[in-house]
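> So that we are looking at the same thing, I have put the structure below in structure tokens.
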Amino acid sequence: MIECANLGKFYNGVVALEGVNLTIGRGKIIGLLGENGSGKTTLIKLINGLLSPSTGSVAIDGKAPGVESKKIISYLPENAFLDSDMRVREAVGYYADFFADFDREKAGRVLREMEIDPKKKIKNLSKGMKEKLSLTLVISRNAGCYILDEPIAGVDPAARDRILDTILNNFNENATVLVSTHLIADIERILDEVVFIHHGKIVLHEDADALRTRRGKSIDAIFREDFR
Amino acid sequence: MIGKVLKYDIRSIGKTLLPVYGVTVLLCAFTRLMVFLETYSSVFGMFGMLTNVFSLIAVAGSVALTLFICVRRFYVHLFKEQGYLTNMLPVKLETLVFSKFAVSLLFSVGAAALAIGSLALMYASLELTPNITEFVNVVKSVFPIFFVLIILSLYLYQSGAYAAYSIGQRSGRNKIGSAFAAYLLLYFVYQIMNLIVLLVVYFAWRDLWTLLEQNDMHAVKNLLYVAAIPTVIANIGCYFVSVRFLKKQMDLE
Chain G
7 MIECANLGKF YNGVVALEGV NLTIGRGKII GLLGENGSGK TTLIKLINGL LSPSTGSVAI
67 DGKAPGVESK KIISYLPENA FLDSDMRVRE AVGYYADFFA DFDREKAGRV LREMEIDPKK
127 KIKNLSKGMK EKLSLTLVIS RNAGCYILDE PIAGVDPAAR DRILDTILNN FNENATVLVS
187 THLIADIERI LDEVVFIHHG KIVLHEDADA LRTRRGKSID AIFREDFR
Chain A
8 MIGKVLKYDI RSIGKTLLPV YGVTVLLCAF TRLMVFLETY SSVFGMFGML TNVFSLIAVA
68 GSVALTLFIC VRRFYVHLFK EQGYLTNMLP VKLETLVFSK FAVSLLFSVG AAALAIGSLA
128 LMYASLELTP NITEFVNVVK SVFPIFFVLI ILSLYLYQSG AYAAYSIGQR SGRNKIGSAF
188 AAYLLLYFVY QIMNLIVLLV VYFAWRDLWT LLEQNDMHAV KNLLYVAAIP TVIANIGCYF
248 VSVRFLKKQM DLE
């Protein structure tokens, strides 16, 4: 589904990502794991076409990022990205207008579960509620691929499990889910595969269960050991 | 998709500008009412002078705010946080940029109409000083093209800013600084175009200058039509520059 070949990104000569060769198949939940500043967000932006690569290429279903890839990728950025002057229901309408795969019913149900009032203005929501709203909109698409950049970084530990359950219960089951995070312990239970990224390079890409069995530890413990 | 993009761009900008336009028109109408009531009491006249100043500030402020809001929308919507949604819409880049240019043109027409309409509302059929009366008569005689030129010039501030921001994206270090430098460069190119057009007209259409010296209003009108040519070209050019640079390199912060 996603193929990166010798992908690299430099900012004013500083390497953010280098020589990334990565193939991600369909129907899996993949954890893109690395410390802050390791290159996770840069890789995600390159896959989404929000950055132009300095070297190499990205292909989604064989095509460069563009209108067709945006139809099938549902992306949750790490920053607040919604127009804060909109009301919640207007944001839902915006998604429904632009994304043919958006499921209004699912959005309504998840909003109720998250206890978000559709009449409220986005700017009047708390930071945590804004993040929940963003996740609701992204997950309410029946997309072929979900790319979630740090979906649990801004919420308290108690809410993390609820957010992960929301992701698990609502994403399209045939879809690929790429989740980037540095909070590995919180997220490892849902992962099928893991990709370790360190100083802009992919250092490991393996099946999550196989890795745990091979090393006899949790992924969090392996990560801490390897990048201590 | 263009219809949907336009709908949200118009709604977003209109939400801020339309109430401002409404207040400006009300203020101008109130000023006119005070002038009308002056015949009954000089207190109304004094109050009218005060609201007159506020109205003129409101008119100028509305025009300036139109430029600011449109340019800000372009920047925030494409290059800042909201760009993470806008640039992930399944819409061609050309469509996104075209919508911004089209909506800017729409609100430039609105701002120009507001300015002229508000001034007319406040001062129409009033006795003005001879100089102002003469100026108004000149403007009236060249009205359609004068109005178009005001719109095109207002619009050029915005389209120039859009193109400059798009060029500034190429810079890795200082995008805003690069955009400012690009704006100055684009302005310089525009002035060169103006100069070339004027030189061509000067050498190829000598009769026009003779008529201008005789204050022939038809000649003035023709000169304004000629002056509109580089402005139209510059506005269209800014659209293509924006699309070309954004297509070549998109680097969202």
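Read top to bottom, the protein sequences are chains G and A. Going by my numbering, the first sequence opens with residue 7, and the numbers climb by one from there. Going by my numbering, the second sequence opens with residue 8, and the numbers climb by one from there. We treat Cβ as the ideally placed atom computed from N, Cα and C, and that holds for glycine. Small disclaimer: the values here were computed from a predicted structure and weren't measured.
Just mark G:I30 as buried or exposed, buried being the case when its beta carbon has 16 or more other beta carbons within 10 Å.
buried
> Beta-carbon of G:D162 versus every beta-carbon of chain A: anything under 9 Å?
no
> Is the stretch 226–235 of chain A touching the stretch 70–82 of chain A in the sense that three or more CB pairs, one from each, lie closer than 8 Å?
no
> Is it buried or exposed, G:D232, if we count other Cβ atoms within 10 angstroms and call 16 or more buried?
exposed
> For A:F150 and A:L205, what's the separation of their Cα atoms in angstroms?
21 Å
> State the Cα-Cα distance for the pair A:I152 and A:S115, rounded to the nearest angstrom.
15 Å
> When the cut-off is 9 Å and only beta carbons count, does A:Q256 lie next to chain G?
So, interface residue.
> Roughly how many angstroms separate the alpha carbons of A:A67 and A:L121, rounded to a whole number?
10 Å
> Looking only at its chain, what residues have a beta carbon closer than 7 Å to the beta carbon of G:S60, apart from the 5 residues adjacent to it on each side?
G14, K15, F16
> Would you say G:E137 lies against chain A (beta-carbon separation less than 9 Å)?
Not closer than 9 Å to any Cβ of chain A, the Cβ of G:E137 fails to qualify, so no.
> For G:M135, which of G:G19, G:I169, G:E111 has the nearest alpha-carbon?
G:I169
> Looking at C-beta atoms only, is the number of pairs between the stretch 170–183 of chain G and the stretch 133–149 of chain G that lie closer than 8 Å three or more?
yes
> Are any of the Cβ atoms in chain G nearer than 9 Å to that of A:E220?
For A:E220, the answer is no, since every Cβ of chain G falls outside 9 Å of its Cβ.
> Taking 9 Å as the threshold (beta carbon to beta carbon), is A:V98 in contact with chain G?
yes
> For the stretch 96–106 of chain A and the stretch 60–80 of chain G, state whether three or more C-beta atom pairs, one from each stretch, are separated by less than 8 Å.
yes
> Using C-beta distances below 6 Å, list every residue in its chain close to A:Y246, excluding the 5 sequence neighbours before and after it, in chain order.
F108
> In chain A, which residues lie less than 8 Å from G:K51 when you measure between Cβ atoms?
L259
> Counting beta carbon pairs with one atom in the stretch 42–59 of chain G and one in the stretch 195–205 of chain A, are three or more of them shorter than 8 Å?
no
> Pair every Cβ in the stretch 224–231 of chain G with every Cβ in the stretch 189–203 of chain G, then say whether three or more of these pairs are closer than 8 Å.
yes
> Where does G:E199 fall in DSSP's three states?
strand
> Just the chain A side, please: which residues come within less than 8 Å of G:G55 by C-beta, in chain order?
N94, M257
> At a CB-CB cut-off below 7 Å, which residues of chain G make contact with A:Y15?
Y100
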